[in-house]
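Quick mapping for you: the protein sequence lines, in order, are chains A and B.
Per our numbering, the very first residue in the first sequence carries number 1; after that it's consecutive.
Per our numbering, the very first residue in the second sequence carries number 1001; after that it's consecutive.
For each residue, glycine too, the CB sits at the ideal point set by N, CA and C.
These numbers come from a predicted model, not from an experiment.
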Amino acid sequence: MDERNDPGEGRAYLWRLHRILALYVIGVLAFLALMTWAEFQGLSRHWIGPIFLFLTVMVYAGIGVYGRTTDPEEYYVAGRRIPPVYNGMAAAADWMSAASFISLSGALYLQGFSGTPGQAGGLAYLLGWTGGFCLVAMLIAPHLRAMGLYTVPDFFHVRFGGRWPRVIAALAAVLCSFTYVVAQIYGVGLIASRLTGVQFEIGIMLGLGGVLLCSFLGGMRAITWTQVAQYVVLLLAFLIPVSWLAYKQLGNPLAPLVYGAQISKIADLEAQLLDSPAEHQVVQTYLRRAQDFEARLGDVEGALEREREKGRERIRALRAQNADVGLIVTASRELASLPRDVAAARERWTREMRENYERARPLGGLPQQSQAFVGDPHGTPQEQRDYELTRRNFLALMFCLMVGTAGLPHLLTRYYTSPTVAAARASVGWSLFFIALLYLSAPALAVLVKFEVMQNLVGSSFEALPTWMAQWARVDSSLLSVEDVNGDGIVQFGEIRLGADLIMLATPELGGLPYVVSGLVAAGGLAAALSTADGLLLTISNALVRDLYFQDSQRQVSPEQRVILTKFALLAVALSAAFVAALKPSEILPMVSASFSLAASAFVPVMVLGIFWRGTTRQGAVAGMLAGLGVAVYYMLSHVAAMRALPSWVLADGLWFGIQPISAGVFGVPTGFCVAALVSWWTRPAPLPPPIRSEM
Amino acid sequence: MPLFTQPPRSADIELAGPFPPDLHDVRHLWLKAGLLLLWALVSFGGTYFARDLQLLVFGSWPLGYWIAAQGAVLVFIGIVVAYGWAMNRFERQDAARAQSGEAVAAGSAEAPPRRHG
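Right under this line is the structure:
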């Protein structure tokens, strides 16, 4: 606060922060150099992972302990004195979740420009997650900052009064943040368990300890400085492997500037692969397999019996010729792994049929890297429809991610911590800059990895496969599988399948970097997941305590007691999120993208109307939020398999305009705007309020 | 310090009643409208016509891909920076006008103090 009043002192404070940051960056680089030296001296790989994990989490926890506070102003909004550059850095770390860091490059590798009609993606994520900041900067953040609030539901209370706007906003904030935080903790568990080899659940607990020390003790103040520290780690962890790969392939480490050269080469290689007879063989084999599964699905019961009989027959034959014990064991294991009953068989074979059909397409089902949208606007009717649907879903997803960015509470509260309204505007600019540093390199990484795979891996022999591939395939076969489908001993592009999460994690090994860089990349993923989890947990617990529990004025407690209660709510939320994450829910990633649609529909229409139209009434706000959220949730739930049990007339029939349920915000946002405006107009004679606040 | 230490008590806000936003300055609204138009053109327009733009190749970059992968993000940064710069300028102008208005008012009692918007 003092810094704001006295510019000279403020500058001294800023310089002190710059010095600390510079020392920290030098420390991280020196640590990396030390570890590299130790690796060359023969430090075992079993130690490198745990050292990275332990030390980074200890640094974050140390900052948390140093920044501990019970002062509400510090706990909720970090004293409102974070300079824009650091606020931007913290917001960037807050924003970039495990999904951005680990999966974005993978998605760009797998989906190319735009994804397929059924699953839009690719550059839509990149554009959506950056373009939303224009909306934040111009429509929302400075206006919220000018009001001097503490949480996002506060806005609805201050602007509209009454209790319902705030309660609904708080519930919506909890709804969209909780699914998001579960995904982050899941990511923490995944990385911690891979890095150290401990069990998944213990990995979750290790990571959770770091999150809790930070947000539990210090609230927003500690989280801000931890996020700055985490941003440095995650930026280095992303840029080092990308620059190395670019240097190796193109002789220039500035990947975003030079990777264009590889795009045309990839297009040529793709054309070659599309003509290659070996690739056609692979496609034919997958097609045969898919048709085999389809035939089995025609008569599941009979097919299952035949498969079992075939297995028993084989074991008998092996026994009869006194075959090796190992062979017999393998055969009986295969028999035992057959589906137990008809329902399980139907489920598994349907899945395998779909997977095989998926892979029985040219290029292993991947769209061409730089081609905008699949299909062809001048081709057959089917191609035209594909083109139209891909483009429409691409734009819809981009819209939902952009508008959702402007509505996600954990991001908006970050701009409450800036000293002035002008600083809030500058903070948004800095956030976008720091995010772009990483996001401009993500497509570069995808293109460089694809070139590496197409140029060096495809056409090599199966005996000469690098060892890291086998190691990753052992960790999880859904991450990486290579199989000699056509039996010629040579790797075809269609025979390799890489999971979205693998691309980033395996880049150091693909580029032949020392193992230390793999440790750094994992630490970067951990930093991304932890920083986002910190912000989300604080948002949820504040919404629960400040906006739901204390929203009626009867409970008279001191601000310190309020903070303590918030801390315990945070602990409870963190533990329940860890519990849900430990169940390993499989549909986590769709849920995260869905939370953007929910935030977009629930918050943005009413918030924008409330800020820019004086005629918005309380009733209009409530109706708008409920209608927007309702439409989005209804459209999503209508396409969840578990809801099929309900009578069919309750659910939305089919896809509206061919839009995928993940982009439900396309319908929720306009509905929210229309309903809020109409109801406000209906309940129009808003009483003229006395002029009390004149900030901004 | 005393200005900001206490969070606004719910009870106080309840008494004061909800408050509507201040009337927005027209210059600010035009600025926002212009920048939002540019934002929509680059992001939605740029990708809607990506297939056609793909035919234009600059150096080694197909234009449609470049816009979606880099150009749009750079324009977004430009938009946010331009907005912050322009708003700061408007606020400085307003402050200067308010000051000179006060000076004029103090100098000659007849001249009415100019309102600033």
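* Asked: Quick one: what's got a C-beta closer than 7 Å to histidine 143/A's C-beta in the same chain, skipping five residues either side?
  -> The residue given as residue 143/A occupies position 143 in the first sequence. Correct list, in chain order: Ile611.
* **Contact with chain A by arginine 1027/B, beta-carbon distance below 8 Å** => Position 27 of the second sequence, counted from the first residue, corresponds to residue 1027/B. Taking Cβ atoms only, chain A never reaches closer than 8 Å to arginine 1027/B, which makes this a no.
* Mind listing the chain B neighbours of isoleucine 263/A? Cutoff is C-beta to C-beta under 8 Å, in chain order. => By 1-based counting over the first sequence, the position of residue 263/A is 263. Within chain B, the residues near isoleucine 263/A are Ser1060, Trp1061, Pro1062 and Tyr1065.
* Asked: Assuming threonine 285/A and valine 485/A make a contact with CB atoms under 8 Å, what is their CB distance in whole Å?
  -> The residue labelled residue 285/A in the question sits at position 285 within the first sequence. The residue labelled residue 485/A in the question sits at position 485 within the first sequence. Yes, threonine 285/A and valine 485/A are in contact; Cβ-Cβ is about 5 Å, under 8 Å.
* Contact residues within the region 398-420 of chain A, judged by C-beta distance below 9 Å to chain B -> Those residues of the region 398-420 of chain A that come within reach of chain B (Cβ to Cβ, closer than 9 Å) are Met398, Phe399 and Met402.
* Asked: Using the C-alpha atoms, what's the distance from methionine 469/A back to threonine 330/A?
  -> As a working note, residue 330/A is residue 330 in the first sequence. As a working note, residue 469/A is residue 469 in the first sequence. Take the alpha-carbon of threonine 330/A and the one of methionine 469/A: they are about 23 Å apart.
* To do: Have a look at alanine 1109/B and alanine 1098/B and give me their C-alpha separation to the nearest angstrom.
  => For the purposes of this step, residue 1109/B is taken as the residue at position 109 of the second sequence. For the purposes of this step, residue 1098/B is taken as the residue at position 98 of the second sequence. Note that alanine 1109/B has pLDDT 45, beneath the 50 cutoff, so the model's placement of it is unreliable and the number below is only indicative. Distance between the alpha carbons of alanine 1109/B and alanine 1098/B: 16 Å.
* To do: Report the three-state DSSP secondary structure of alanine 271/A (helix, strand or coil).
  => Within the first sequence, numbered from 1, the residue matching residue 271/A stands at position 271. Note: alanine 271/A maps to helix in three-state DSSP.
* Since lysine 699/A contacts glutamine 369/A with CB under 8 Å, what's their CB separation in whole angstroms? -> Chain A is shown only over 1 to 696; residue 699/A falls outside these bounds and no answer can be derived.
* In this structure, what does DSSP give as the bridge partners for phenylalanine 113/A? -> Taking the first sequence and counting its residues from 1, one reaches residue 113/A at position 113. In the DSSP output, where bridge partners are listed per residue, phenylalanine 113/A has none listed.
* Is it right to say leucine 1128/B is buried, meaning 16 or more other beta carbons lie within 10 angstroms of its own, or is it exposed? -> The question about residue 1128/B has no answer here: the residues shown for chain B are numbered 1001 through 1117.
* Can you find a C-beta in chain A that's less than 8 Å from the C-beta of arginine 1051/B? -> By 1-based counting over the second sequence, the position of residue 1051/B is 51. Taking Cβ atoms only, chain A reaches closer than 8 Å to arginine 1051/B, which makes this a yes.
* Whose CA, out of Ala124/A, Asp324/A and Val631/A, lies closest to the CA of leucine 401/A? -> Locating residue 401/A in the first sequence gives position 401, where the first residue counts as 1. Closest in alpha carbon position to leucine 401/A, among Ala124/A, Asp324/A and Val631/A, is Ala124/A.
* Asked: Between the region 266-284 of chain A and the region 352-372 of chain A, do three or more beta carbon pairs fall short of 8 Å?
  -> These segments touch.
* To do: Check whether the Cβ of serine 1100/B lies closer than 8 Å to any Cβ atom in chain A.
  => Here the question's residue 1100/B lines up with position 100 in the second sequence. No, serine 1100/B does not count as interfacial toward chain A.
* **Residues near leucine 217/A in its chain [Cβ-Cβ closer than 7 Å; skip 5 each side]** => In the first sequence, the residue the question calls residue 217/A occupies position 217. Non-local beta-carbon contacts of leucine 217/A in its own chain, meaning distances under 7 Å to residues more than five positions away in sequence, involve Gly64, Val65 and Arg68 in chain order.
* Which chain A residues sit within Cβ distance under 7 Å of phenylalanine 1090/B? -> The residue you call residue 1090/B lines up with position 90 of the second sequence. Going along chain A, no residue has its Cβ under 7 Å from phenylalanine 1090/B, so there is no contact; the nearest lies around 11 Å.
* To do: With a floor of 4 residues, list each alpha helix (DSSP H) that falls wholly inside the region 407-435 of chain A, ordered by position along the chain.
  => The qualifying runs are 409-412.
* Within its chain, find whatever has a CB closer than 6 Å to the CB of valine 631/A; leave out the 5 residues flanking it on each side and keep chain order. => One-based indexing of the first sequence puts residue 631/A at position 631. Excluding residues within five positions, the ones whose Cβ falls inside 6 Å are Phe667, Gly668 and Thr671.
* Under 8 Å Cβ to Cβ from arginine 392/A, same chain only, skipping five residues before and after it: list those, please. => On the first sequence, residue 392/A is found 392 positions in, with the first residue counted as 1. Closer than 8 Å at the Cβ level, and outside the excluded window around arginine 392/A, lie Phe657, Gly658 and Ile659.
* To do: Take the Cβ of isoleucine 20/A as the centre, count every other Cβ of all protein chains shown within 10 Å, and call the residue buried at 16 or more, exposed below.
  => As a first step, residue 20/A is located in the first sequence; it is residue number 20 there, counting from the start. Its Cβ having fewer than 16 others within 10 Å, isoleucine 20/A is exposed.
* Is valine 1057/B helix, strand or coil by DSSP? -> Residue mapping note: residue 1057/B aligns to position 57 of the second sequence, counting from 1. Strand, per DSSP.
* Asked: Going by Cα to Cα distance, which pick from Ala246/A, Ala237/A and Ala360/A is closest to aspartate 292/A?
  -> Taking the first sequence and counting its residues from 1, the one referred to as residue 292/A is at position 292. The residue with the shortest Cα to Cα distance from aspartate 292/A is Ala360/A.
* Neighbour flag for threonine 224/A against chain B, beta carbons, 8 Å -> To locate residue 224/A, count along the first sequence from 1; it is residue 224. With 8 Å as the cut-off, threonine 224/A does not count as an interface residue toward chain B.
* To do: Evaluate the contact criterion for the region 488-505 of chain A versus the region 90-107 of chain A: three or more CB pairs, one atom per stretch, below 8 Å.
  => As far as the Cβ criterion goes, the region 488-505 of chain A touches the region 90-107 of chain A, which means the pair count is three or higher.
* Check whether the region 425-434 of chain A touches the region 1081-1094 of chain B, counting contact only when three or more Cβ pairs, one atom from each stretch, lie closer than 8 Å. => A contact exists between the region 425-434 of chain A and the region 1081-1094 of chain B.
* leucine 480/A: first and last residue of the uninterrupted alpha helix (DSSP H) it sits in -> In the first sequence, counting from the first residue as 1, residue 480/A sits at position 480. Where leucine 480/A is concerned, there is no enclosing alpha helix (DSSP H), although the beta strand (DSSP E) it sits in stretches over 480-482.
* **C-beta atoms of serine 597/A and alanine 664/A nearer than 8 Å** => Locating residue 597/A in the first sequence gives position 597, where the first residue counts as 1. Locating residue 664/A in the first sequence gives position 664, where the first residue counts as 1. Yes, the Cβ-Cβ distance between serine 597/A and alanine 664/A is below 8 Å.
* To do: Could you check which residue in Asn1088/B, Asp1094/B and Ala1068/B has the C-alpha nearest to that of glycine 131/A?
  => One-based indexing of the first sequence puts residue 131/A at position 131. Closest by alpha carbon: Ala1068/B.
* Asked: Count the other CB atoms within 10 Å of the CB of proline 1007/B; is the residue buried (16 or more) or exposed (fewer)?
  -> Reading the second sequence from its first residue, position 7 is the one you call residue 1007/B. In this prediction, proline 1007/B scores a pLDDT of 43, lower than 50, which makes its location untrustworthy; no coordinate-derived value is stated.
* chain A partners of glutamine 1093/B, CB-CB under 9 Å? -> Translated into the one-based positions of the second sequence, residue 1093/B becomes position 93. Near glutamine 1093/B there are no residues of chain A at all, since even the closest Cβ is about 14 Å away, more than 9 Å.
* To do: Could you spell out the range, first to last residue, of the beta strand (DSSP E) harbouring isoleucine 1067/B?
  => For this step, residue 1067/B is matched to residue 67 along the second sequence. Isoleucine 1067/B -> no beta strand (DSSP E), and no H or E assigned at all.
* Spatial distance of glycine 519/A from methionine 35/A (CA atoms) -> In the first sequence, residue 519/A corresponds to position 519, counting from 1. In the first sequence, residue 35/A corresponds to position 35, counting from 1. Roughly 10 Å between the two C-alpha positions.
* To do: With DSSP as the reference, please indicate the residues paired to alanine 529/A in a beta bridge.
  => As a first step, residue 529/A is located in the first sequence; it is residue number 529 there, counting from the start. Paired residue(s): none; alanine 529/A is not in a bridge.
* Thinking just about the alpha-carbon of each residue, which of Ala621/A, Asp534/A, Ala317/A and Glu388/A is nearest to the one in serine 167/A? -> Locating residue 167/A in the first sequence gives position 167, counting from the first residue. For the record, residue 167/A in the displayed sequence is valine; it is not serine. Looking only at Ala621/A, Asp534/A, Ala317/A and Glu388/A, the smallest Cα-Cα distance to valine 167/A is reached by Ala621/A.
* How would you label methionine 58/A, buried or exposed, when you count the other beta carbons within 10 angstroms and need 16 or more for buried? -> Within the first sequence, numbered from 1, the residue matching residue 58/A stands at position 58. Residue environment for methionine 58/A: exposed (fewer than 16 other C-beta atoms within 10 angstroms of its C-beta).
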